[in-house]
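Counting in full-length UniProt numbering, the sequence shown runs from 1 upward without gaps.
Think of the CB as a built atom: it goes at the ideal place given N, C-alpha and C, for glycine as much as any other residue.
Just so you know, these numbers come straight off a predicted model, no measurement behind them.
The next block holds one structure in the form of structure tokens; read it before the comments.
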Amino acid sequence: MAALQLNSAVFSAKAGGLAPASRKTAKLGCSPRVPSTLRSSSLSTQRLAKFERRTAVTSANWNPFDKSKSAKGESGPAYPTGKLTIFTSKGSRAQIIEWYALEKGIEFESVNVNMRTGEHKKAPFTNVNPFGKMPAIQAADGTPIFESGAILLYLAGLAGGGVY
1 MAALQLNSAV
11 FSAKAGGLAP
21 ASRKTAKLGC
31 SPRVPSTLRS
41 SSLSTQRLAK
51 FERRTAVTSA
61 NWNPFDKSKS
71 AKGESGPAYP
81 TGKLTIFTSK
91 GSRAQIIEWY
101 ALEKGIEFES
111 VNVNMRTGEH
121 KKAPFTNVNP
131 FGKMPAIQAA
141 DGTPIFESGA
151 ILLYLAGLAG
161 GGVY
């Protein structure tokens, strides 16, 4: 570990204070910058040259509920029919999910999970959400969905209206 090197100072009686003994610059432990011509042959640059650029999937270019045909000619996702199960706890964000389902007229069964006694960290609930956090739903076909944003997007697609 490089030590912090400061300008040495000596006391000067004529100046009445401290005067630098030399014109050295302070080094903070960083190595000197290597010219780019020397860096171009490094292994990391060679790996970057071989790297294929991938398009990130973002909310701007991906909609899981788009009913139109995709590039491969497939249709949008099929939603299971039947009653879904919403796992809720009083005072949690799961209430948002219940409100949205009620507003859209989606049939659901509500299961209360007592977070004060630690039910959210035990077997029946951790089968739905392995992180043991609220909210979580179980679709009619048994697929677990958790995280409130993902659940709301799923419910919007299930309700048949536009996502936005």
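Beta-carbon spacing of residue i, residue j below 8 Å
i	j	result
Ile106	Leu158	yes
Gly82	Ala140	yes
Gln138	Leu84	yes
Ser89	Asn114	yes
His120	Lys104	no
Opposing strand residues paired with residue i [DSSP bridges]
i	result
Gln138	Thr85, Pro144
Glu109	Thr85
Segment limits, alpha helix (DSSP H) that includes residue i
i	result
Pro124	123–126
Glu119	Per DSSP, Glu119 belongs to no alpha helix (DSSP H) and is neither H nor E.
Gly100	As written in the sequence, residue 100 is Tyr, which differs from the Gly given in the question. Here the alpha helix (DSSP H) through Tyr100 covers 94–104.
Whole-number beta carbon distance between residue j and residue i, since they are thought to touch under 8 Å
i	j	result
Ala150	Pro144	The Cβ separation is near 11 Å, so there is no contact.
Ile97	Ile86	6 Å
Phe146	Asn129	4 Å
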